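Data first, discussion second: the structure below is written as C-alpha cells.
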Amino acid sequence: MAFFPTITNNVAAYSPQTLTGKNHASRTPAASTSYHQDAPLSEEQLAALTIYLEARGESFAGKLAVAAVIRNRMNAKYHSDGTVKGTVLKRLQFQPWNYAKPEVVRHQISQSRMKDSLLAWRMVQDGRTVVDGALLFYNPRLVKPPFWATVSHKVASIGGHEFYVPPGKRNEHQV
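Numbering (the working numbering), first residue to last: 64 to 238.
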C-alpha cells in the first residue's frame, strides 16, 4: 500500500509514484523520526518544517514547489550559504522564521502533518521539480507584490503561490 494518497491540485493529479516513477514509501519518515524531540533539528527536518509552514493548505505540488525553491537557493547560494539552515533561517527570507524559532514551532506541529512536506523535500533531493529554477515566491492573496516581482520572470503559479526567477539568476544548478 502506498504511504501517501494521491493528492490533486488545479493542474494535474499527483502522487509520489506518478511524480517520479519511483516508490518513495521506503523513504518516508521512520517511527524514530520525530519533530518533538529535544535534540536539534536535522537539515531535513528543518526543510520539511519550513515547507509545511510556507505551504500548509496547499496541494502536494505546492509543497514540492516550495521545496524546490529552498533547494534552488542552496544550489545557487542565493541568499544562502548552501545549507538548509543558512537558507531558510536567513533574515527575512522565509516568513515563518522572521519572528519564530524552529525549536519552539516544531513542538506545535504533529509529525503526521509533516509527512507530505518531508516527502516533497526528499523528492526534490532526487531531482523532481515543478517550478523551473524558481528562487522566489509569494502568495498574492496574502501580501502585495514584492518589489522583485515586477522585474523577475514568473515561471509558475501553483495553488496560492507565484514562483519567480530573478533577472540573470537562472543556472544549471537549479532544479
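Beta carbons: idealized from backbone N, C-alpha and C, even for Gly.
Here the structure is a predicted model, which means the values were calculated and not measured.
ALA219 has PHE226 as its beta-bridge partners, per DSSP.
According to the DSSP assignment, LEU199 belongs to the beta strand (DSSP E) that extends over 199 to 201.
Here SER122 is buried, its C-beta having at least 16 other C-beta atoms within 10 Å. DSSP, reduced to helix, strand and coil, places ASN161 outside both helices and strands of the structure shown, so it counts as coil.
The three-state reading of DSSP puts VAL129 in helix, counting H, G and I together.
The residues MET137, in chain order, have a CB closer than 6 Å to that of GLY145 in the same chain once the five nearest residues on each side in sequence are set aside. Residue state for TYR115 is assigned as helix, using DSSP reduced to three classes. Collapsing the DSSP output to three states places ARG176 in a helix. LEU181 and TYR162 have their alpha carbons spaced roughly 23 Å apart. Per the C-alpha coordinates, the member of GLY223, LYS232, GLY222, PRO203 positioned closest to HIS216 is LYS232. By the CB criterion at 8 Å, TYR115 and LEU198 fall outside the cutoff.
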